[in-house]
Amino acid sequence: MMRLNKFIAHYSTYSRREADKVVQDGYVRVNGEIEENPATQVDEKEDVVYVSGKQISRQEKYTVIVYNKPKGELVTKSDPKGRRTIYDSLSHEFKHFVPVGRLDYASEGVLLLTDASHVATALMTSDLERRYKIKIKGEVTSEMETAMLEGMYIEDATAGGHSHSKITSMQFKPFLGYQIQKNAHNYSTLKVAISEGKNRELRRFFAHFDAEIADLKRVSFAEIELNNLPEGKTRFLTRSEYSALFTFLKSEEKLAREMAGSKPKPTFKAKFNKGKPAPKPRGDSKAHPNSKRKK
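Each residue of the sequence shown is one higher than the last, beginning at 1 in full-length UniProt numbering.
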């Protein structure tokens, strides 16, 4: 069983708030009867739901696109300061799509958008791998490497964040992988893989070591990459990417049902979950202590 508003939001392009409104305004029929209570329980397999005379199909229908975000665009609908947003670049057919997380104004690269709010939420709150290419001012120190391998907690994580941010402290999980490409006194470049998407997470991490990020580009989200997509352009997911996404979403739904039934939480190893860790050149970086590499 599922709440009516959740059913509509899950199987259509309506957001949860929009679903509430169409129900309360009398535009929804369940098995031929008008239903005005968004909390009404419906059977996903048996009940027939219509919105404005159109049946809601139980088949999962959603669209996900990849946008190669350039620097100098905000991931928001509008900006009081009049700065450019991603919606100034997106074509009209994608104006109602919601972003999966954020890339800040000075960052670039892979940004996923979707017309299904539940898909966006599932991806944003997941531990799917995010890979980045970054350039920092100064050297990559042994202290940085230790923190990348082991994770850390920063009591004062305001450095690297926006001045108006309410986030003051932050817990950082161990990185999934990292590769130092150049380590020099003036600038260093590296690839990193993390499993979270916290507010300006990488900028706060390196700022803790007095290393400002000069360039930051997300090169992949899970196994979804740009695939030579030009800057400021979009593409649809490939068939294999949709298949992997569908598998991931189904595993999330199964996990949610099991947790609701108070069953032990299983180890989450969805096919879509982990990519291969970034390769680590000898001498440049350390193997993770939990690595299964043969000794």
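Beta carbons are placed, not taken as given, at the ideal position from N, Cα and C, and that holds for glycine.
In this text the structure is predicted, and so the values were computed from the model without any measurement.
**Message:** If you reduce the DSSP assignment to three classes, tell me which class I8 lands in.
**Reply:** helix
**Item:** Every unbroken beta strand (DSSP E) within the UniProt domain "RNA-binding S4" (2 to 69), with a cutoff of 3 residues, ordered by chain
**Value:** 28 to 30, 49 to 51 and 64 to 69
**Item:** Where S188 falls: helix, strand or coil (DSSP)
**Value:** strand
**the region 66 to 85 in contact with the region 125 to 143 per 3-pair CB rule at 8 Å** = no
**Contiguous alpha helix (DSSP H) assignments of at least 4 residues, all confined to the region 132 to 216** = 142 to 150 and 201 to 207
**Request:** Give the range of the beta strand (DSSP E) segment to which L112 is assigned.
**Result:** E108 to T114
**Request:** Note down the Cα distance separating T40 from Q24, rounded to an integer number of angstroms.
**Result:** 11 Å
**Message:** Just to confirm before moving on: does the CB-CB distance between A116 and F248 stay below 9 Å?
**Reply:** no
**Prompt:** Between D215 and the rest of its own chain, which residues show a CB-CB distance below 6 Å, the 5 nearest in sequence each way excluded?
**Reply:** K135
**Request:** Count the C-beta pairs between the region 179 to 197 and the region 155 to 162 that are closer than 8 Å, then say yes if the count reaches three, no if not.
**Result:** no
**Message:** Is it buried or exposed, S240, if we count other Cβ atoms within 10 angstroms and call 16 or more buried?
**Reply:** exposed
**Prompt:** What three-state label does DSSP hand K292 in the structure shown?
**Reply:** Reliability of the predicted coordinates at K292 is poor, the pLDDT of 40 falling under 50, and the value obtained from them is presented with this limitation in mind. K292: coil per DSSP, three-state reduction.
**Request:** Can you tell me which of the three DSSP states E225 falls into?
**Result:** strand
**Prompt:** Measuring CB to CB, does E139 end up less than 9 Å from S107?
**Reply:** no
**Asked** Helix, strand or coil: how does DSSP classify R239 here?
**Response** helix
**Asked** Roughly how many angstroms separate the alpha carbons of residue 322 and R203, rounded to a whole number?
**Response** Beyond the ends of the chain as shown, which are 1 and 295, falls residue 322; an answer cannot be given.
**Asked** Under a three-way DSSP split, which group does L255 fall into?
**Response** helix
**Request:** Can you grab the Cα-Cα spacing for the pair V119 / E143, in whole Å?
**Result:** 37 Å
**Message:** Among K45, Y27 and E46, whose alpha-carbon lies nearest the alpha-carbon of N37?
**Reply:** Y27
**Rounded distance between the beta-carbons of L112 and V66, thought under 8 Å** = 6 Å
**Item:** Where G177 falls, given that 16 or more other Cβ within 10 Å makes a residue buried
**Value:** buried
**Item:** Within 9 Å, strictly: CB atoms of F221 and V110
**Value:** yes
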